[in-house]
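Sequential numbering of the sequence shown, starting at 2, is according to my numbering. Think of the CB as a built atom: it goes at the ideal place given N, C-alpha and C, for glycine as much as any other residue. None of the values given here were measured: they were computed from a predicted structure. Quick notes on the structure that follows.
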Amino acid sequence: MAAECVLSISPDVLNFPGSYTQNTSTEITLANTSFKSVYFKFSVNLAKGHCLIPARGVLLPHESCQVKIMLEAFKEESIAINTKFRLEYLQKNDDSVIDSVENVFKCFPGRKPFHLLKCNFVCTNPFENISSHQVETYENLHNQIGILLKENRELKCQIQNLNAIVFPANVENFTDPIEGIVNIENPFTINTIAESINNSFLKLVDKINLKKHSILLEIQKIREKHKSELQTHTSKLIQYKEQLNKHCSYISNVHENVELQVLEDVHKFYTKRVDELSQTTIPEPKLYFRIQMQPIETAFDVNIQFGVEDCETLKK
Numbered sequence: 002m003a004a005e006c007v008l009s010i011s012p013d014v015l016n017f018p019g020s021y022t023q024n025t026s027t028e029i030t031l032a033n034t035s036f037k038s039v040y041f042k043f044s045v046n047l048a049k050g051h052c053l054i055p056a057r058g059v060l061l062p063h064e065s066c067q068v069k070i071m072l073e074a075f076k077e078e079s080i081a082i083n084t085k086f087r088l089e090y091l092q093k094n095d096d097s098v099i100d101s102v103e104n105v106f107k108c109f110p111g112r113k114p115f116h117l118l119k120c121n122f123v124c125t126n127p128f129e130n131i132s133s134h135q136v137e138t139y140e141n142l143h144n145q146i147g148i149l150l151k152e153n154r155e156l157k158c159q160i161q162n163l164n165a166i167v168f169p170a171n172v173e174n175f176t177d178p179i180e181g182i183v184n185i186e187n188p189f190t191i192n193t194i195a196e197s198i199n200n201s202f203l204k205l206v207d208k209i210n211l212k213k214h215s216i217l218l219e220i221q222k223i224r225e226k227h228k229s230e231l232q233t234h235t236s237k238l239i240q241y242k243e244q245l246n247k248h249c250s251y252i253s254n255v256h257e258n259v260e261l262q263v264l265e266d267v268h269k270f271y272t273k274r275v276d277e278l279s280q281t282t283i284p285e286p287k288l289y290f291r292i293q294m295q296p297i298e299t300a301f302d303v304n305i306q307f308g309v310e311d312c313e314t315l316k317k
């Protein structure tokens, strides 16, 4: 067993990303710098809530390995700060035969070389990407809603410009439009005209169903995305608000005259955008159709148009 340092640790401090209130993990590299095998094992002053992969092992001469360390969320900050990992190691002659790493440490009792690794929780700024990623997400959603509303207004204008006549359901009431057109010499009969109109109606129903299905699918996709993003950002807002209060309290205790207006402005901006998103509504589409008939010499022309209109504003 050698007394000098033969085990290189990089980094020598356990830097965990995020707060101690959430699950986190980090990795370190162990390297054997000697010409003999080095046995190592970790121990920690925690009863539970941690995991090391691997927790013990052996490194051949000039060999290295990655060790992943995972921690569960702590309830108290004092416990997180005082958590330390102890890394013990020793060298063993290759001629001795021992079946496991644990037995190696039992066969060599007494004080062994060790490294004491402290935990450092690195909290990132939760408002770093608000001006780029989050705002871009909101703008894309509002643009999609704006396009849908624009199409709705265009269809509304088309319906208002129609000087249409609603076609009655009873064919016998068709006196004025075809008066003087249908007679004995005319090859078209009432049944022929009714059949033609019926075929037009069937085609119209198919077009309406396709248009309605397409619009409802687009609106449903936007609503689901809207709801999912609203829940995600509302949850993040609560988390960021707690972290903001904690950071403000910490900064106020350390620097009494620090300017907190920047953090407060960012928090207000994010709150306002979430409120706007939560109040955004998508109108329910209503599909209507009109038929305009134009008499010609021996028959008449049927012009079929349809669009989207709100129930409250439709002029029947």
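- Straight across, the Cα-Cα distance linking Val45 with Glu64 is about 24 Å.
- Selection Lys93, Phe202 and Glu78 evaluated against Thr22 yields Glu78 as nearest (Cα-Cα).
- According to the DSSP assignment, Cys120 belongs to the beta strand (DSSP E) that extends over Phe115 to Val123.
- Looking at the DSSP output, Arg57 bridges to Lys42.
- Straight through space, the alpha carbons of Leu47 and Leu217 are spaced by roughly 56 Å.
- When secondary structure is reduced to three states using DSSP, Phe17 falls in the strand class.
- Look at Lys49 here: in three-state DSSP terms it is coil, with no helix or strand label.
- Counting only the Cα atoms, Phe122 lies some 54 Å from Arg154.
- Contact between Ile10 and Leu31 holds: their C-beta atoms lie close to 6 Å from each other, under 8 Å.
- Bridge pairing for Asn33: Leu8 [DSSP].
- CA-to-CA, the gap between Thr233 and Gln240 works out to about 11 Å.
- Distances from the CA of Lys42 to each of Leu60, Leu150, Gly50 and Ser35 were compared; the closest alpha carbon is that of Leu60.
- Using a Cβ distance threshold of 8 Å, Ser20 and Ile70 do not count as a contacting pair.
- In this structure Lys113 touches Glu89 by the C-beta definition: roughly 5 Å separates them, less than 8 Å.
- Counted as a single uninterrupted DSSP element, the beta strand (DSSP E) harbouring Phe86 occupies residues Lys85 to Lys93.
- Only exposed fits Gln221, as fewer than 16 other CB atoms lie within 10 angstroms of its CB.
- DSSP places Lys69 within a strand segment (E or B) once states are collapsed to three.
- Its chain contains Phe41, Cys66 and Val102 as the residues whose beta carbon lies nearer than 7 Å to that of Gly58, once the 5 sequence neighbours on both sides are disregarded; these appear in chain order.
- Taking the C-beta atoms as reference points, Thr272 is found no nearer than 8 Å to Leu231.
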